[in-house]
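> Just passing along the structure, written as structure tokens.
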Amino acid sequence: MSDYQGQCFCGAVEFTVSGEPAAMGYCHCSSCRHWSGGPVNAFTLWPPEALKVTKGEQYIETYNKTPMSFRKWCGKCGGHLFADHPPFNLVDVFAAMIPSLKFKPALHVNYQESVLHIHDGLPKLKDFPKEMGGSGDVLPE
């Protein structure tokens with residue numbers, strides 16, 4: 238089993254994810270864009286038990302705009318860490334937070350909200366896969 242280390246921007250919070258992610262891809266929803274400050278968010282989804290905070294848990298702050306996502310960041314530096322997604326029983330560890338993981342995206346989600354069109358040959362889902370409560374509809378690249 239592989240272990241991957243990550244940390245916040247200042248290093249006060251450190252964590253490990255173990256195993257392999259359940260999925261990797263890009264989210265184009267306005268919430269992810271607004272939260273990340275970028276035109277798209279690169280996600281890696283893990284079972285919650287794969288994530289272990291190894292240092293600085295007392296600095297982790299949480300905000301949830303909706304019951305879908307509990308976004309976490311370091312209270313010292315403001316650096317983003319991960320987001321719990323209780324309806325899916327998954328945690329999104331932002332791909333940039335685990336530099337040793339080879340990021341292999343498989344799809345784009347919420348592409349109907351895209352402000353940056355990416356031509357990479359990957360499926361562009363209108364919202365989410367059917368098994369996650371979405372339509373499963375694929376949009377043209």
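In my numbering, the protein residues as written are 238 to 378. Virtual Cβ for every residue (Gly too), placed ideally from N, Cα, C. For clarity, every value in this text was computed on a predicted model and none was experimentally measured.
Quick test of your reading: threonine 281 and isoleucine 335, contact by CB under 8 Å. State the CB separation rounded to the nearest angstrom.
Within the sequence shown, numbered from 1, the residue matching residue 281 stands at position 44. Within the sequence shown, numbered from 1, the residue matching residue 335 stands at position 98. With a Cβ gap of about 7 Å, threonine 281 and isoleucine 335 count as contacting.
> So, helix, strand or coil for phenylalanine 331, using DSSP?
In the sequence shown, residue 331 corresponds to position 94, counting from 1. Three-state DSSP puts phenylalanine 331 in coil, outside helix and strand.
> Measuring CB atoms only, is the stretch 298-305 touching the stretch 343-363, in the sense that at least three cross pairs come out at less than 8 Å?
no
> State whether the stretch 357-368 contacts the stretch 308-316, with contact taken as three or more CB pairs (one from each stretch) at a distance under 8 Å.
no
> Candidates Ser268, Ala287, Met238: which alpha carbon is nearest phenylalanine 252's?
For the purposes of this step, residue 252 is identified with residue 15 of the sequence shown, where counting begins at 1. The residue with the shortest Cα to Cα distance from phenylalanine 252 is Ala287.
> Return the residue from the list Tyr263, Gly274, Val250, Gly275 that minimises the CA-CA distance to glutamine 295.
Here residue 295 corresponds to residue number 58 of the sequence shown, with the count starting at 1. For the residues Tyr263, Gly274, Val250, Gly275, the minimum Cα distance to glutamine 295 belongs to Val250.
> Kindly provide the ranges of any beta strand (DSSP E) runs that are 3 or more residues long and lie completely inside the stretch 247-278, ordered along the chain.
251-255, 260-264
> Measure how close the beta-carbons of asparagine 283 and valine 330 come, nearest whole angstrom, since I'm counting them as under 8 Å.
By 1-based counting over the sequence shown, the position of residue 283 is 46. By 1-based counting over the sequence shown, the position of residue 330 is 93. Per the sequence shown, the amino acid found at residue 283 is tryptophan instead of asparagine. Contact flag correct, Cβ pair sits at about 6 Å.
> For the beta strand (DSSP E) that contains phenylalanine 325, what are its first and last residues?
Working through the sequence shown from its first residue, we reach residue 325 at position 88. Looking at the DSSP string, phenylalanine 325 is not in any beta strand (DSSP E), and its letter there is neither H nor E.
> Under a Cβ-count criterion, where at least 16 other Cβ atoms within 10 Å of its own Cβ denotes burial, should glycine 262 be classed as buried or exposed?
In the sequence shown, the residue the question calls residue 262 occupies position 25. Flag for glycine 262 reads buried.
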